[in-house]
Each structure stands twice: as structure tokens, then as C-alpha cells.
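Using full-length UniProt numbering, read the sequence shown as starting at 1 and increasing by one per residue.
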Amino acid sequence: MYLGLKLTSDMRRNEHVDYVCSKARKAFLSLRRNVFNATPEVKSLAYKTLIRPTIEYAKTVWDPYTSGSHSKLDEIHRLAARFIFNKYCRGHSPTQPCELAKLPSLELRTEYDRLKILFLIIHDHGKIDKNDYYRISPDEYFRNRHSMYIPPPTVRNDCFKHSFYPTAIKQWNMLTDATVRPYL
């Protein structure tokens with residue numbers, strides 16, 4: 001383990017996802033024991049401050065790409081939504097409580113964080129030298145490209161294909177020109 005991340009030699013994320021889910025589930029059970037009679041607002045705040053940071057710590061780096069790993073993380077998210085509104089029945093979908101508690105999906109939050117980090121790196125607000133990892137294409141405007149288009153890297157294996165830069169660059173290139181420009 002290094003800085004809270006379980007790293008394996010083959011760079012698979014399954015072991016780390018299991019570790020994070022186990023840690024979050026234990027924290028959730030403790031939270032449920034201690035605030036079971038609280039209001040939905042208190043429960044939501046407790047989830048957002050105690051459990052969600054455990055799940056999202058460095059998630060832009062280790063973001064799982066397999067459906068099994070995603071479902072394990074979403075299970076905790078859905079369980080928290082049910083807990084906030086005390087709706088444990090099978091007949092109640094966790095989608096509506098998630099919307100009522102203003103809990104966006106973990107995938108959406110990760111995508112937003114990934115784009116935010118890439119934006120900061122591109123506009124020299126990060127401590128990473130962007131020239132080591134990618135280059136912005138010349139100011140040629142194409143029909144489907146914005147002015148800060150980054151050519152996607154060539155990838156040959158799943159481990160690199162689903163890592164931070166290729167995924168973030170793919171999402172970055174789908175944004176509009178107004179979105180990628182810094183505020184002046």
C-alpha cells in the first residue's frame with residue numbers, strides 16, 4: 001500500500017476496489033448505528049463527510065473500468081441513499097432518494113474531477129509538466145474539434161487505456177470551445 005492505494009504489479013484495480021468498499025462499508029455500518037434516528041439532512045451530511053471521501057480518495061487515478069468494480073462502489077452509494085430516507089424495501093428504487101439527497105452518481109463526480117484536474121494541468125495551475133504527457137494540437141479549427149484539442153495517445157493495453165490521461169483526454173476532446181478556455 002502506498003499513500004492509501006493498494007498497488008499491484010499488474011496495475012489491476014480490483015484489490016484496491018475491494019479494500020475501499022470494505023473500508024467504506026465498515027464506516028457506513030458504524031454511521032448507521034450512531035445516527036439511525038437523525039433527520040435526512042444530518043444523514044446526508046454524515047455520508048458526504050465520512051463515507052464518500054473514503055470512496056473518492058484519489059479516484060481519478062484508480063477509477064475502476066470494469067462493470068463489477070463499478071457495481072461494488074455503486075452498491076455503497078445506493079445503500080447510503082436508502083439509509084438517508086429509511087427506504088430499505090425492495091420496492092423502493094434508490095434513484096429517487098439519490099436525487100432528493102442531491103447525491104450525483106460516483107461516475108459523474110469522477111468525470112467532473114478528472115476534467116477539473118486536466119483543466120488545471122493544461123492551464124499551468126498544477127505542478128505537472130504537461131509537455132511530458134501530451135501536446136495541444138495547433139490552432140487549427142476543425143468541424144468537430146475545439147481550439148485546445150489534444151490528440152489521443154496510442155494505447156495497447158487495458159491498464160493504460162483506462163488510466164487517467166487517455167480517459168481524461170477523450171472526455172476533454174468532447175467538450176465545447178467555451179468550456180475549455182480559461183476564465184479571463
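C-beta: ideal position from N, C-alpha, C; glycine also.
Remember, it's a predicted structure, so these values are computed and weren't measured experimentally.
Which runs of the alpha helix (DSSP H) spanning at least 4 residues fall entirely within the region 87 to 142, listed in chain order? 95 to 100, 106 to 122
With a threshold of 8 Å, are at least 3 pairs of Cβ atoms found where one atom belongs to the region 160 to 176 and the other to the region 108 to 119? yes
Using the rule of at least 16 other Cβ atoms within 10 Å of the residue's Cβ for burial, across every protein chain shown, is Y134 buried or exposed? buried
Same chain, Cβ closer than 7 Å to Y57, neighbours up to 5 away in sequence not counted: G4
Report, in whole angstroms, the separation of the C-beta atoms of L50 and L73, which I expect to be a contact under 8 Å. Actually they are not in contact, since the Cβ atoms of L50 and L73 sit about 16 Å apart, beyond 8 Å.
Which residue marks the beginning of the alpha helix (DSSP H) containing V155, and which one marks its end? Element bounds for V155: n/a, residue is neither H nor E.
Go ahead and label L184 buried or exposed: buried means 16 or more other beta carbons lie within 10 angstroms of its beta carbon, across all protein chains shown. Note that L184 scores a pLDDT of 48, beneath 50, so its modelled location is shaky; the value from the coordinates is reported in the next line. Under this definition L184 is an exposed residue.
On the DSSP bridge assignment, give the partners of L50 in chain order. None, per the DSSP bridge assignment.
Relative to the alpha-carbon of T39, which residue among F85, G126, L79 has its alpha-carbon at the smallest distance? F85
Pick helix, strand or coil for L7, following the three-state DSSP scheme. coil
Using C-beta distances below 8 Å, list every residue in its chain close to P152, excluding the 5 sequence neighbours before and after it, in chain order. P166, I169, K170, N173
R33: first and last residue of the uninterrupted alpha helix (DSSP H) it sits in: 14 to 34
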